[in-house]
Structure formats: structure tokens, C-alpha cells
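Report on one structure; see the data block that follows.
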Amino acid sequence: MSAVLPWQQSQWDKLLSRIAQDNLPHALLLTGRRGVGKQRLALQLAALLLCTEDQPEPCGQCKGCRLIAAGTHPDLKVIQPLEDKSVISVDQIRELSHYLSLTALCGGYQVVLISPADAMNVNAANSLLKTLEEPPANTLLLLMSERPSALTATIRSRCQVINFGKPAQDSALAWLKNQQPELDANSASTALELADGAPLRAAEMVAQGALNQRTEMLDDLEQIVAGRCDPIEIAKKWLKLGKKESLYWVYGWLVDMVRMKVANQPPYIANSDIAPRLSKIAARIELPLLYKRLDQVSEALRLADNPSLNAELLLEGVLIGWTPRR
Numbered sequence: 001m002s003a004v005l006p007w008q009q010s011q012w013d014k015l016l017s018r019i020a021q022d023n024l025p026h027a028l029l030l031t032g033r034r035g036v037g038k039q040r041l042a043l044q045l046a047a048l049l050l051c052t053e054d055q056p057e058p059c060g061q062c063k064g065c066r067l068i069a070a071g072t073h074p075d076l077k078v079i080q081p082l083e084d085k086s087v088i089s090v091d092q093i094r095e096l097s098h099y100l101s102l103t104a105l106c107g108g109y110q111v112v113l114i115s116p117a118d119a120m121n122v123n124a125a126n127s128l129l130k131t132l133e134e135p136p137a138n139t140l141l142l143l144m145s146e147r148p149s150a151l152t153a154t155i156r157s158r159c160q161v162i163n164f165g166k167p168a169q170d171s172a173l174a175w176l177k178n179q180q181p182e183l184d185a186n187s188a189s190t191a192l193e194l195a196d197g198a199p200l201r202a203a204e205m206v207a208q209g210a211l212n213q214r215t216e217m218l219d220d221l222e223q224i225v226a227g228r229c230d231p232i233e234i235a236k237k238w239l240k241l242g243k244k245e246s247l248y249w250v251y252g253w254l255v256d257m258v259r260m261k262v263a264n265q266p267p268y269i270a271n272s273d274i275a276p277r278l279s280k281i282a283a284r285i286e287l288p289l290l291y292k293r294l295d296q297v298s299e300a301l302r303l304a305d306n307p308s309l310n311a312e313l314l315l316e317g318v319l320i321g322w323t324p325r326r
């Protein structure tokens with residue numbers, strides 16, 4: 001089993017104390033930005049409760065731990081949106097209620113992970129509420145959310161909330177460098193900054209080559225702004241890189257450009273390592289037009305998950321606006 005992340009040690013110790021006192025809540029709501037390790041801690045807690053050895057950490061060797069690692073433990077259930085769906089349906093929660101009505105197959109806890117909990121539609125949330133109000137014995141529900149305010153107040157009130165804020169930078173950087181030994185200090189800092197301080201998200205970006213992708217995309221945008229390439233061809237290229245990923249990069253650049261326009265020395269620039277290049281692009285564009293483009297990209301991101309929309313046309317619409325006026 002993976003060790004508890006350094007910035008989660010305090011919360012983990014409190015959970016261990018609750019377990020030792022036989023005072024673990026029946027439902028926990030783990031909140032925090034993407035990439036701070038909510039699901040990792042949830043799985044660690046599930047592994048501890050389902051481990052057959054009596055020790056303060058999951059042993060990683062017993063049958064329970066091996067089943068957890070293989071994703072086949074019968075007393076651990078994960079609820080998430082089905083493939084090609086964006087919501088958790090009421091049928092999934094009804095199935096969960098039936099599952100919890102059965103005796104744990106291994107004779108101990110039944111643990112349920114719901115992620116993201118805010119993906120439950122209204123009917124699903126109402127159905128879950130019945131379980132939260134009358135939880136079966138030896139049951140732990142672990143709800144995870146980046147947007148806890150999107151959950152109903154009644155759901156939140158029946159869970160003990162554990163919030164994971166942004167980890168201390170020194171701790172996050174040390175962990176990231178340990179995970180990615182090939183990273184130099186500047187690249188590690190850049191990745192962490194672009195991930196909004198979330199270490200697991202930063203590690204994921206590095207592993208996926210996202211920093212190189214960002215550089216390549218900025219090269220493309222500079223060529224479009226200079227009128228040296230066709231935005232339609234670039235849209236085809238970016239679509240292969242991922243429509244939402246591409247839009248997120250452009251959105252972040254626009255936010256930084258607006259900051260540069262509003263303040264001569266903005267207190268924070270997310271893409272600080274490429275700030276001079278962004279500043280040159282921003283110098284060509286008036287502030288109202290930057291805001292207009294920011295709104296356009298924001299709307300494109302909102303529409304990006306709609307399967308009926310042509311993703312290539314969506315990217316074309318964003319990029320054509322960057323071409324110089326004749």
C-alpha cells in the first residue's frame with residue numbers, strides 16, 4: 001500500500017485515533033482541489049479497515065490488501081459516473097443501497113467510495129440521503145468532491161468533512177522531486193505552479209509530457225497571432241492533443257495576459273516561466289478583446305463535454321479570433 005502523503009499526515013493521525021477509539025463516523029466528505037490526494041487517502045483508509053492484520057497501517061500482504069490492490073475486494077465498492085456519462089444516476093445509488101443491505105463477505109467493514117460526489121443528480125442524492133440517515137453497522141461511506149458546495153446541505157450535514165488545502169510548497173516540491181527524479185528544480189516549480197499547488201496533478205502533468213505540449217502549443221499560438229499559419233490546421237493538431245487540455249492551456253494564458261494588462265507588476269502569474277512570451281502577445285491585444293476571448297474560451301470549455309458538438313469546430317472558433325486583422 002502507498003504511504004500516506006506528507007501533507008495528509010495530520011488528518012490521517014486523527015482518523016487512526018478515531019478508529020482506535022471505535023469512533024469512526026459512518027460518512028466522511030473529503031474535499032479539496034484536484035490532485036491533493038483525496039482518493040489516495042480514501043483508498044488507504046479503506047485498505048486499513050479491510051486489512052486482516054491488526055496494525056496502524058495496511059500491511060499490503062494479507063488477502064484483504066491484495067484484493068484491494070487488484071481492485072477486486074468484495075467489500076469495497078466504488079461509485080463514479082459510468083463510461084460516457086457525467087452524472088451518477090439514481091439507479092447506481094439504489095444498487096448501492098441493496099449492496100449495503102447484504103452482509104460483508106469478509107465479515108468486517110463495507111467501504112464505499114463515491115467520486116466525485118457532486119456528480120450525483122438530484123434523485124441520486126436524495127436516495128443516498130436515506131442511507132446516510134440510517135447507515136448500516138460497520139459501513140463507511142467516503143464521498144470525495146472538488147466542489148462540496150454543489151452537494152445539498154443535507155448531504156454535507158450528515159458527513160464529517162475533511163478538507164485538504166493547498167500543501168506547503170516545500171513539502172509538495174520535495175514529494176514531486178522524489179516522484180520525478182529527472183525533474184530539475186525550475187521544471188518542478190513550474191509544474192507545481194501550473195497544477196495550482198496540487199502535487200499529484202503536477203506529477204501527472206509531468207508524466208504525460210504536458211510541459212512540452214504547452215510549449216508546442218504556445219509556439220502555434222504565436223504563429224497564428226503573427227499570421228504565419230492557418231488556425232484551422234492548428235485546430236486539427238490541437239484536437240489530437242486533447243480538446244479540453246488545449247482549451248485549459250489557452251484559458252490559463254488569457255487569465256495571465258489579463259493580469260498583465262490590469263497591473264504593470266501583477267502579484268501572481270501562473271505561467272511565470274513563459275511570462276515574457278505571453279506579454280508580447282498581450283501587447284497586441286486591447287484589454288476588452290482579451291476579456292472577450294476569455295469568455296469565449298470559458299464557454300468552449302463549458303460545451304466541450306457535449307458529444308453532439310463538433311470539437312474541431314469548437315477549437316477553430318477559438319483560434320480564428322487570434323488571427324491578425326487585415
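For what it's worth, UniProt numbering labels the leading residue of the sequence shown as 1, then goes sequentially.
Ideal placement from N, C-alpha and C gives every residue a C-beta, glycine not left out.
So, using beta-carbon positions, are residue i and residue j closer together than 8 Å?
| i | j | result |
| --- | --- | --- |
| Met257 | Leu289 | no |
| Pro167 | Trp322 | no |
| Ala172 | Leu151 | no |
| Leu301 | Lys237 | no |
Grouping DSSP H, G and I as helix and E and B as strand, with all else coil, what is residue i?
| i | result |
| --- | --- |
| Asn123 | helix |
| Gln180 | coil |
| Ile323 | According to the sequence displayed, residue 323 carries Thr and not Ile. Correct three-state label for Thr323: coil. |
| Gly71 | coil |
| Gly165 | coil |
| Ser246 | helix |
Sorted by chain position, which residues of the same chain lie with C-beta nearer than 7 Å to residue i's C-beta, five sequence neighbours on each side aside?
| i | result |
| --- | --- |
| Ala65 | Sequence inspection shows Cys at residue 65; the Ala mentioned does not correspond to that position. These residues qualify, in order along the chain: Met1, Ala47, Cys51, Pro58, Cys59. |
| Asp305 | Ser86 |
| Ile234 | Asp220, Ile224, Leu319 |
| Ala198 | Arg33, Arg34, Gly35, Val36 |
Alpha carbon to alpha carbon, how far is residue i from residue j?
| i | j | result |
| --- | --- | --- |
| Leu194 | Lys280 | 20 Å |
| Asn123 | Asp91 | 9 Å |
| Leu141 | Gln80 | 13 Å |
| Ala104 | Lys63 | 15 Å |
| Ala188 | Leu218 | 19 Å |
| Asp230 | Glu204 | 31 Å |
| Thr154 | Ser127 | 12 Å |
| Val78 | Leu24 | 20 Å |
| Ala20 | Ala42 | 18 Å |
| Glu222 | Gln296 | 19 Å |
| Arg156 | Glu286 | 44 Å |
| Gln11 | Asp196 | 21 Å |
| Leu294 | Val250 | 9 Å |
| Ala27 | Ala207 | 33 Å |
| Gly71 | Ala283 | 52 Å |
Report all residues from its chain with a CB closer than 6 Å to the CB of residue i; omit the five preceding and five following residues, and keep chain order.
| i | result |
| --- | --- |
| Asn310 | none |
Given residue i, which residues of its chain have a CB within under 8 Å of its CB, disregarding the five upstream and five downstream residues?
| i | result |
| --- | --- |
| Asn138 | Ala104, Gly108, Tyr109, Gln110 |
Against chain D, with Cβ distances strictly below 8 Å, would residue i count as a contact?
| i | result |
| --- | --- |
| Met217 | Absence of chain D from the displayed structure is noted, only one protein chain being present. |
Original post:
Per the contact definition of three or more C-beta pairs closer than 8 Å, is the stretch 125 to 135 in contact with the stretch 95 to 106?
Top reply: yes
Original post:
Below 8 Å, can you find three or more Cβ-Cβ pairs linking the stretch 31 to 41 to the stretch 198 to 215?
Top reply: yes
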